[in-house]
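Here the sequence shown is numbered in this note's numbering, starting from 318 and rising by one per residue.
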Amino acid sequence: MERNIPELVKQLTLEEKAGLCSGADFWHTKAVERLGIPAMMVSDGPHGLRTQDMTQENHDASIKAVCFPTGCATAASFDPALLRREGAAIGREARAVGVGVVLGPAVNIKRSPLCGRNFEYFSEDPYLAGELAAAFIDGVQSQGVGTSIKHFAANNQEYRRMSASSDMTEQTLREIYLPAFETAVKKSRPWTVMCSYNRINGVYASENQKLLTEILRDEWGFDGFVMSDWGAVADRVKGVAAGLELEMPGSGGVNDAKIVAAVEDGTLPEETLDKAVTRILNIVFRAADTAAAPRPELDLAGDHKIAAGLARECAVLLQNKGALPLRRGSRVVYIGGFAEHPRYQGGGSSHINVVAADSALDAARRHGRHVSYVEGFPADRDQRDEQAFLAAVEAAAAADTAVIFAGLPESFESEGCDRSHMRLPESQNNLIARVAAVQKNTVVVLHTGSPVECPWADDVASVLCMYLSGEGVGEAADALLWGDANPCGRLPETWPLRLEDTPCYLDFPGDGRTALYREGIFVGYRWYDARKMPVRWPFGHGLSYTGFVYREPELSAPEFSGDGSVKVRVSVRNVGTMAGREVVQLYVANCTGTAGRPPKELRRFVKISLEPGEEKQVEFTLTARDLSYYNEALGDWYAAPGLYKILLGHSSRDIHATLELTYRTDRLLPLTVDENTTVGELLADPRTAPVIRSIVDQYGTALNGGNAGGDGVLSAEGALQMMEGMPLRGLVNFGGPAAAGMLPGLLDALKKAAEQ
Ligand code: BGC
């Protein structure tokens, strides 16, 4: 419905306008009845609805809803179409119960496997996280329901999340911690963004002008409104000025009064407040339009089936020495409490009140599988009981295959606290090792929201990671274990061998006031690859019951320039006997000589379905941005001219083909000219080369200590290197009396040349 929102804003009193900038309660914006402004309900998110049950006083009591696969699991699908499906299902449920905005997706980067909330987040890789977030937003918003992409930004730990400052370089922020938001905002236009609790380089996200206005709105074109994470506001007036429109859940009027006072005393221009109110009302009325249309029925049974279907596509087959799929008719024993009580979601604000979750044991019985069960260890705590262990080991020895359902108990992994180690409960590690010692066909099924150390990995046959895949986990695990479905997930994060190998091991979680991101852009596989470290399972890894072969790829041209683009094509064939899905991954390696680049970065991926014997060609288009890094001197993304390698493969460490691509550009980086700029830098830059060349020709011999190169103390190469590394002030020192007075003039001439 058409409404004149600027006109409405004019009719609001100052108090009403300030009031609209905070919640009426935990889950609603305020209404202004005299002007027909309705309230809007919001709900967590991100993998299902935690909508307040209005019949209960407790604002934490939520209605029954479906728990879909969580972020860690959906990320492992490497499949934007799956995220769109999940988003659409959640959007439909939201519409059915009158929710205007779903609080998700959660896209913070997995800086350390210890972050307690990693299960809600997607990946260690910003490109993957951004593509998946955009698809999820498209799905939810296709139903006329909004999203709130969160937590903006650099909220990568739970320890002191409300106050710690995530301190990092601009390049790190731009390349690692912002792109998931950037992609989602540009591609899918989320209705709202949720700012995080933490500070970034000392400034609270909730009052961060650079983040909320300069980057989010001015650079990326965000046109919705920003809401605070619950209780994230520090200085409300600064927040409004910086671009934080809605405070949630509200401060009982205290902060609204501060906004009124600031407008009255002129500290906050009224136009700024008007803009904030306008942005909020644009969305509130969008939600009202949806609410005015007929509501769909809440179909929990139907959505449960969808959740189980999605979960099948999220599981990752990490290792398989032939024990999977299980053979019908063989003697199989299930061991471990997770077979009966799987863990499928994490604790905290995303916790869903489900009707029922499937267990693998229930599913096996339903499908008439011949499976016996011995608990061995419980799912909810670290408990070692020798009798139970002996029973499990005995049953394993007598069976053809032992399947151990292991994982992290809920208390190990939740919003609000980080893990202190990366291990499974000791009781589980112990029993897995003992079972593996008597049964070569030992399969481990993992239920965790984050990587765990797997000291027994070499001793067991197969490992299937279910992550936390929602209430359909049991049905999905059953189908995958017995070969009714073919595993097709890929790891959205590296599984390191041990915690001590992780990039921010020495800095995580910091001293409580500051979290120093010293590893910079070397997060996840960027770190392990740069350091050539062995890992348990690499980023992008995941096996299948079938096999895929890559043909030689091709480039549409060996080079491109400026704003142009290039196409990369490769064909992949299913060479096995079962239908399967392959994720073709494309990484770019910068070989131009730019300092400090990771060996490779994911720039494209696509998931394809292939029948046995079928072959398909995939095509990717790359532009300069895909070759770029964030250059701080330029304050922009920059693709250096020169050679790039395009790596295509099955995972970050299973590359099947490499192509060489040259990029050409006239764009030059800013050059700082001062007394310490080197002769080499000046010679390499076309703007300053002519000026410095004449000086080098004149003073070259003097510059390298009178040695022209070749047969003196320095080799010709050494002399050249020494010359190139010489700062301008060396001219004075080595150039003798003739050069002594020329530095100021030379600096002037070079600065002028560099500014051209
Ligand atoms: C969480 C958010 C959540 C909000 C509302 C906060 O504590 O960080 O992710 O959306 O609560 O429940």
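For glycine and all other residues, C-beta sits at the position ideal for the given N, C-alpha and C.
What whole-angstrom Cβ distance do residue i and residue j have, given they're in contact under 8 Å?
{"i": "A793", "j": "L748", "result": "No, A793 and L748 are not in contact; Cβ-Cβ is about 24 Å, not under 8 Å."}
{"i": "L808", "j": "F856", "result": "6 Å"}
{"i": "F694", "j": "Q745", "result": "6 Å"}
{"i": "L490", "j": "C512", "result": "At roughly 15 Å, the Cβ-Cβ gap does not stay under 8 Å, so L490 and C512 are not in contact."}
{"i": "R1004", "j": "Q1073", "result": "5 Å"}
{"i": "G806", "j": "A393", "result": "4 Å"}
{"i": "V901", "j": "V889", "result": "6 Å"}
{"i": "D776", "j": "A753", "result": "4 Å"}
{"i": "L872", "j": "V887", "result": "Not really, about 10 Å apart at Cβ, beyond 8 Å."}
Among the options, which one has its Cα closest to the Cα of residue i?
{"i": "R553", "options": "L366, V691, Y521", "result": "Y521"}
{"i": "R921", "options": "L939, E487, C384, G461", "result": "L939"}
{"i": "A1037", "options": "Q1073, T995, T387", "result": "Looking at the sequence shown, residue 1037 is not Ala but Leu. Checking every option, the nearest Cα to that of L1037 belongs to T995."}
{"i": "E1048", "options": "I1012, D377, K1069, S1032", "result": "Just to set this straight, residue 1048 is Leu in the shown sequence, not Glu. Nearest C-alpha to L1048: I1012."}
{"i": "A912", "options": "V889, N891, A847", "result": "A847"}
{"i": "A348", "options": "V510, N948, S786, I597", "result": "I597"}
{"i": "T811", "options": "R660, A610, S429, A974", "result": "S429"}
{"i": "K849", "options": "G806, P915, Y867", "result": "P915"}
{"i": "A1076", "options": "I669, G766, V359, G829", "result": "Absent from the model: residue 1076. The displayed extent of the chain is 318 to 1073, so no value can be given."}
{"i": "C338", "options": "V543, V424, L445, L449", "result": "V543"}
{"i": "E319", "options": "Y444, D606, V885", "result": "D606"}
{"i": "G829", "options": "G639, L627, R477", "result": "R477"}
{"i": "V1075", "options": "L615, F937, E564", "result": "In the structure displayed, the chain extends from 318 to 1073; residue 1075 sits before or after that span and is not available."}
{"i": "D1014", "options": "E998, D1002, M1040", "result": "M1040"}
{"i": "D983", "options": "A956, E936, T368", "result": "A956"}
{"i": "Y845", "options": "D573, R815, V462", "result": "R815"}
Within 10 angstroms of the Cβ of residue i, are there 16 or more other Cβ atoms? Answer buried if so, exposed if not.
{"i": "A632", "result": "buried"}
{"i": "S482", "result": "buried"}
{"i": "A1070", "result": "buried"}
{"i": "T584", "result": "exposed"}
{"i": "K555", "result": "buried"}
{"i": "N321", "result": "exposed"}
{"i": "F343", "result": "exposed"}
{"i": "E836", "result": "buried"}
{"i": "N375", "result": "exposed"}
{"i": "D540", "result": "exposed"}
{"i": "R683", "result": "exposed"}
{"i": "L590", "result": "buried"}
{"i": "G766", "result": "buried"}
{"i": "A1025", "result": "Any reading at A1025 is ruled out, since the residue's pLDDT is 49, under 50, leaving its predicted position unreliable."}
{"i": "A471", "result": "buried"}
{"i": "L399", "result": "buried"}
{"i": "P851", "result": "exposed"}
{"i": "G421", "result": "buried"}
{"i": "M1093", "result": "No answer is possible for residue 1093: the residues shown for the chain start at 318 and end at 1073."}
{"i": "N1050", "result": "exposed"}
{"i": "Q756", "result": "buried"}
{"i": "T975", "result": "exposed"}
Taking 7 Å as the limit between beta carbons, can you name the residues of its chain near residue i, skipping five residues before and five after?
{"i": "E475", "result": "C432, G433, R434, E732, G733, C734, D735"}
{"i": "G1027", "result": "Its pLDDT being 47, under 50, G1027 is placed unreliably in this model, and the value from its coordinates should be taken loosely. A1033."}
{"i": "E524", "result": "A551, D552, K555, G556, A559, L561"}
{"i": "G864", "result": "V892, G893"}
{"i": "M358", "result": "W344, H345, G415, V416, G417"}
{"i": "E448", "result": "P397, T500"}
Tell me which same chain residues have a C-beta within less than 6 Å of the C-beta of residue i, skipping the five on either side of it?
{"i": "L797", "result": "A632, P804"}
{"i": "T894", "result": "P929"}
{"i": "G404", "result": "F453, G456, V457"}
{"i": "E657", "result": "S676, L678"}
{"i": "V860", "result": "This sequence places Leu at residue 860; Val is not what is there. Hits under 6 Å: L634, N637."}
{"i": "A674", "result": "Y661, E788"}
{"i": "A681", "result": "V688, D795"}
{"i": "V1008", "result": "A1066, L1067, A1070"}
Might you give, ordered along the chain, the residues of its own chain that have their beta carbon closer than 8 Å to the beta carbon of residue i, omitting 5 neighbours on each side?
{"i": "Q328", "result": "L352"}
{"i": "L1064", "result": "V990, D991, E992, L1045"}
{"i": "D699", "result": "P726, P742, E743, S744, Q745"}
{"i": "L495", "result": "P443, A470, I532"}
(message) Which runs of the beta strand (DSSP E) at least 3 residues long sit entirely within the region 481–533? Give them in chain order.
(response) Qualifying beta strand (DSSP E) stretches, in chain order: 482–484, 509–512.
(request) Could you tell me which uninterrupted alpha helix (DSSP H) segments, each at least 4 residues in length, are contained entirely in the region 803–871, listed from first to last along the chain? (result) 842–847
(request) Give, in chain order, every unbroken run of the beta strand (DSSP E) that is at least 3 residues long and sits entirely within the region 709–733. (result) Entirely contained in the region 709–733, the beta strand (DSSP E) runs reaching 3 residues are, in chain order, 718–724.
(request) Could I get the ranges of all uninterrupted beta strand (DSSP E) runs contained in the region 599–650, with 3 residues as the minimum, in chain order? (result) Listed in chain order, they are 633–637.
(message) My parser needs the alpha helix (DSSP H) runs of 4 or more residues fully inside the region 355–390; what are they?
(response) none
(request) Please specify which runs of the alpha helix (DSSP H), each continuous and at least 4 residues long, are wholly inside the region 968–1024, giving them in chain order. (result) If only complete runs of 4 or more residues are kept, the region 968–1024 shows the alpha helix (DSSP H) at 996–1001, 1006–1020, in order along the chain.
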